[in-house]
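**Student:** The following block contains the structure, expressed as structure tokens.
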DNA sequence: CTTGAGCTTGTACCTGGGTATAAGCCTTAA
DNA sequence: TTAAGGCTTATACCCAGGTACAAGCTCAAG
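Residue numbers (this note's numbering), protein chains in the order written: chain A, 1 to 154; chain B, 1001 to 1154.
Quick look at the structure:
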């Protein structure tokens, strides 16, 4: 009985998530413990670690938990379901490609701004701040639930 | 008195956002109307359109509204604030670069999966589904507030 | 055997970024 | 002039994806 079994805390730590998150994923149907002890402790194995890492990776990649669940739930011998997975992959690939293009564009823009920022030590800093100047509002302590700590230098 | 002024609905429509979102941005200090009518109607101009589009673009690029607010609030003639902006840009550039690399990796992985999906019309579909098989949980109608409609084919 | 860390379930709350609704005033076209 | 639609404020709610806390059970080290 080699100790391949992990308890929830060990699994969580191994994957850099909280134990509560792991239980959440289970409730959402994403990751089931491989067993439970007689006292109800969840037990996981090395494949669970892989699976959880996959979940986090997929999540970072723009899949929602619901989509990940759909992927994980696909009945492998169901042609139609398999087709649905393919369709999902295609959609995600497309979205990912678009996003890559957009982010690359933004990166270029930011890079340009950053350069401009360095280039001119005059009174007016980056070009794009011209955009803001007539538009930025006061921090409005009234309804501003957010932005509370942004410029706390009064 | 050329009609350069827009009312909130016109601005919103021009930028593909809701009027409520525009008011939200105002409360958060991101976008102030250039004027108000005697009856309290918000008025905007062409630069507001640019600004709002900038906000949306920055948002899509991974800036939070809070960060956008910080950018917009920077006092242009304050050296320190300007430095803060530079730092923010640097951080975002870095994050963006990392994210680009990660997404590209994911894209490659998905692409591979998609190929595998097509390649083998056997009983076992994409390789990565092996990950799931021992782990995917039942849809657990108990606590599952999400995933409610995922596989409604019982 | 006790004590503290770790596990259980359950419920409540949080954050970001909104949307929905209400109650009422304004504007405009018919 | 009146009715529709747009605007105002204010408050409530929604969603995803968690976190926090409570009350109680369990395990392991000293």
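Idealized CB from N, CA, C, for every residue including glycine.
Considering only their Cβ atoms, is the gap separating residue 1086(B) from residue 1041(B) smaller than 7 Å?
**Tutor:** no
**Student:** Would you please verify whether the beta carbon of residue 1061(B) is less than 7 Å from any beta carbon of chain A?
**Tutor:** So yes, residue 1061(B) belongs to the interface.
**Student:** Here's the rule I'm using: 16 or more other beta-carbon atoms within 10 Å means buried, otherwise exposed. How should residue 83(A) be labelled?
**Tutor:** By the neighbour-count criterion, in which a residue is buried when 16 or more other Cβ atoms sit within 10 angstroms of its Cβ, residue 83(A) is exposed.
**Student:** Please compile the residues from chain A whose C-beta is within a distance smaller than 8 Å of the C-beta of residue 1005(B).
**Tutor:** Within chain A, no residue comes near residue 1005(B); the closest Cβ sits about 13 Å away, beyond 8 Å.
**Student:** Measure the alpha-carbon distance for residue 1080(B) versus residue 1024(B) and round it to whole angstroms.
**Tutor:** 29 Å
**Student:** Residue 1011(B) lies in the alpha helix (DSSP H); which residues open and close that run?
**Tutor:** 1008-1015
**Student:** Just checking: is the beta-carbon of residue 107(A) within a distance shorter than 7 Å of some beta-carbon in chain B?
**Tutor:** yes
**Student:** Could you give the DSSP three-state label for residue 1103(B): helix, strand or coil?
**Tutor:** The answer is helix: DSSP assigns residue 1103(B) an H, G or I state.
**Student:** Pick out whichever of 37(A), 10(A), 48(A) and 14(A) has its Cα sitting closest to the Cα of residue 26(A).
**Tutor:** 48(A)
**Student:** Under a CB-based cut-off of 7 Å, is residue 160(A) close to chain B?
**Tutor:** There is simply no residue 160(A) to check, as chain A begins at 1 and stops at 154 in what is shown.
**Student:** Where does residue 1025(B) sit, in a helix, a strand or coil, going by DSSP?
**Tutor:** helix
**Student:** Less than 7 Å between the C-beta atoms of residue 110(A) and residue 1089(B), yes or no?
**Tutor:** yes
**Student:** Apart from the five residues just before and just after residue 30(A), which ones in its own chain have a Cβ nearer than 7 Å to its Cβ?
**Tutor:** The residues are 55, 65, 68, 69 and 72.
**Student:** Could you tell me whether any Cβ in chain A is nearer than 7 Å to the Cβ of residue 1024(B)?
**Tutor:** no
**Student:** Give, in chain order, every residue of the stretch 86-105 of chain A whose Cβ lies closer than 8 Å to some Cβ of chain B.
**Tutor:** 86, 89, 90, 92, 93, 96, 97, 99, 100, 102, 103 and 104
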